[in-house]
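To start, the structure itself, in structure tokens.
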Amino acid sequence: MLSSKIAGIGKYLPANVVTNQDLTAYMETSNEWIVERTGIQERRYAHRTEETTTTMAVEAAKIAIERAGTTAEEIDFIIFATLSPDYYFPGCGVLVQRAMGMKEIGALDIRNQCSGFVYALSVADQFIKTGMYKNILVIGSEKHSFGLDFSTRGRNVSVIFGDGAGAVVIRRADESETDAPGRVLSTVMGTDGTLADVLKVPGGGSACPITPENVELHPNTIHMEGRETFKHAVTRMLEASQQALEIAGLTAADVSLVIPHQANARIISAIAERLNLPLDRVFMNLDKYGNTSAATIPVALDEANKAGRLKKGDVVLLVAFGGGFTWASSVVRW
Ligand code: UT7
951 MLSSKIAGIG KYLPANVVTN QDLTAYMETS NEWIVERTGI QERRYAHRTE ETTTTMAVEA
1011 AKIAIERAGT TAEEIDFIIF ATLSPDYYFP GCGVLVQRAM GMKEIGALDI RNQCSGFVYA
1071 LSVADQFIKT GMYKNILVIG SEKHSFGLDF STRGRNVSVI FGDGAGAVVI RRADESETDA
1131 PGRVLSTVMG TDGTLADVLK VPGGGSACPI TPENVELHPN TIHMEGRETF KHAVTRMLEA
1191 SQQALEIAGL TAADVSLVIP HQANARIISA IAERLNLPLD RVFMNLDKYG NTSAATIPVA
1251 LDEANKAGRL KKGDVVLLVA FGGGFTWASS VVRW
């Protein structure tokens, strides 16, 4: 049976560092509140005009492709996860195809918010297993900074988000490659649409077009009931992790490293505690980048890899949660 492996990882973070202190110029907040409630110290904001969700994605993709020992020519499908696309349409996938001069391959945009990258990984895994594609470029990229409410009213949301991009090349592993690093052992996905209103960008779609009358309410920015989101994030990420591990025939005790979606250090600690895993087996970099939604996991994967934390034979658990609500998890053997 065919299986897939993560063959190359890349990331791109904009150079502009925005500290918690910097945010106090726009809203009533403090470094102490943000650090204590979220663990975030700083985040990156893309250049207002020169960097977009797609340009950041392209930089991450170039690195992932090079590290996979291949070229853009050899990629036969693109899957792009984002909640902050350059345009309502066309999607960022086709913009990457154009920017990288790729062949006229398929490009699919995934709209599953902070779970988007793990959803994209799962979709890529299925295309590999059927034998349809051999090298799939999977991207998570976000430019949140243009779509946040920086007034005090929006502070619970705006302080947590940051910009950035991560990309991986998912490659077919044939039967002889039973110990290839980065093999995807399982993926699971879930949704609960009854809670769709708890975390969303309410305006700009067909249900609520932006008009001169509603523009003052900032309908084009992220609205979130933080506590409700927090509660479900812990429960669903825990369940998804357990399901993905069970499908892989493993338990939490087998996990060498958890790479969770980076939304809040308290959410991550709560999951680690419930999985009975010490925090040194959980990767966290949200102190530097905040919540980059679909980009958090590929960015963290890249940093974990660089730090030598993905060792041969390691069981790596990826798990994410986001608006929808949506959640997804994957077990990867390094
Ligand atoms: O990535 C997708 C999924 N997203 C998440 O998983 C995020 C989940 N939620 C969270 O991480 C947290 O709910 C937040 C970090 C967003 C907010 O933390 P919280 O402890 O739940 O705060 P809260 O919204 O319940 O607000 C508590 C208090 C309020 O003041 P009062 O009413 O108690 O006087 C807020 O007005 O904290 C106030 N507050 C702030 N104060 C200073 C909210 N945001 C801020 C702020 N600075 N930035």
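In this note's numbering, the protein residues as written are 951 to 1284. All C-beta atoms in this analysis are idealised placements derived from N, C-alpha and C, irrespective of residue type, glycine included.
Counted within 10 angstroms of its Cβ, other Cβ atoms place residue i as buried (16 or more) or exposed
i	result
N1226	exposed
D1059	buried
T1201	exposed
R1103	exposed
D1129	exposed
P1159	exposed
G1081	exposed
D1147	exposed
L1033	buried
Y1083	buried
K955	buried
Y1037	exposed
S1126	exposed
R1122	buried
F1039	exposed
A1203	exposed
E986	exposed
K1093	buried
G960	buried
A1157	exposed
V1162	In the sequence as presented, Val is not what sits at residue 1162; that position holds Pro. By the 10 Å Cβ count, P1162 comes out exposed.
P1228	exposed
T1144	exposed
R1048	exposed
S1091	buried
Start and end residues, beta strand (DSSP E) containing residue i
i	result
W1277	T1276 to R1283
N1085	N1085 to E1092
A1031	F1027 to A1031
Y962	S953 to Y962
I1120	G1114 to A1123
D1075	Note, D1075: premise wrong, no beta strand (DSSP E); alpha helix (DSSP H) at G1066 to K1079.
L1058	G1056 to I1060
V1265	V1265 to G1272
L1135	R1133 to T1141
CA nearest to the CA of residue i, picked from the options
i	options	result
D1075	A1010, M951, Y995 and H1168	M951
N1235	I1013, M977, A1215 and K1262	A1215
E1166	V1008, A1222, D1142 and D1099	D1099
L1268	M1050, D1230 and L1188	L1188
P964	P1169, G1112 and I1217	G1112
N970	V1281, N1062, L1260 and I990	I990
P1035	A1014, E978, A1213 and N1062	N1062
I1089	A1222, V1205 and Y962	Y962
A1022	M1050, E1001, L1045 and E1000	M1050
W1277	E978, S1191, A1222 and E986	S1191
T1002	I1197, V1205 and L1045	L1045
T1141	R1186, K1012, R1121 and S1206	R1186
A1117	A1213, I1029, D1237 and V1281	I1029
S1095	I1172, G1272, K1261 and T979	I1172
V1266	F1077, G1273, F1275 and S1279	S1279
E1175	I1218, G1274 and V1282	G1274
F1233	P1210, G958 and I1055	P1210
A1270	S1136, S1065 and E1000	S1065
E982	A1220, V1109 and V1138	V1109
V1205	G1263, G1155, Y1239 and C1042	G1263
A1213	G1272, E1054 and D1230	G1272
V1138	V1281, K1238 and L1087	V1281
I921	G1199, F1077, G958 and I1055	Outside the shown range of the chain, which is 951 to 1284, sits residue 921, and nothing can be said about it.
G1155	P1169, R1105 and G1143	P1169
A1057	D1026, I1078 and K1079	D1026
A975	R1105, K1238, G1143 and Y1239	R1105
The alpha helix (DSSP H) enclosing residue i, as first and last residue numbers
i	result
I1247	T1246 to K1256
L1045	C1042 to A1049
D1237	L1236 to Y1239
S1108	R1105 to S1108
L973	N970 to L973
Closer than 8 Å to chain D by CB, residue i
i	result
A1198	Of the chains in the structure shown, none is chain D; there is only one protein chain.
Worksheet entry | Contact the region 1059-1079 vs the region 1238-1249: 3+ CB pairs below 8 Å | yes
Note to self: As an exercise, report each continuous alpha helix (DSSP H) stretch of at least 4 residues that is fully enclosed by the region 1167-1228, in chain order.
What the structure shows: 1176-1197 and 1215-1224
Item checked: Segment contact, 8 Å Cβ cut-off, at least three pairs: the region 1148-1164 with the region 983-1001 -> no
At which residue ranges does the region 988-1027 contain complete beta strand (DSSP E) runs of 3 or more residues, listed in the order of the chain? 992-994
Evaluate the contact criterion for the region 1254-1271 versus the region 1000-1016: three or more CB pairs, one atom per stretch, below 8 Å. no
Is the region 1161-1181 touching the region 1129-1139 in the sense that three or more CB pairs, one from each, lie closer than 8 Å? no
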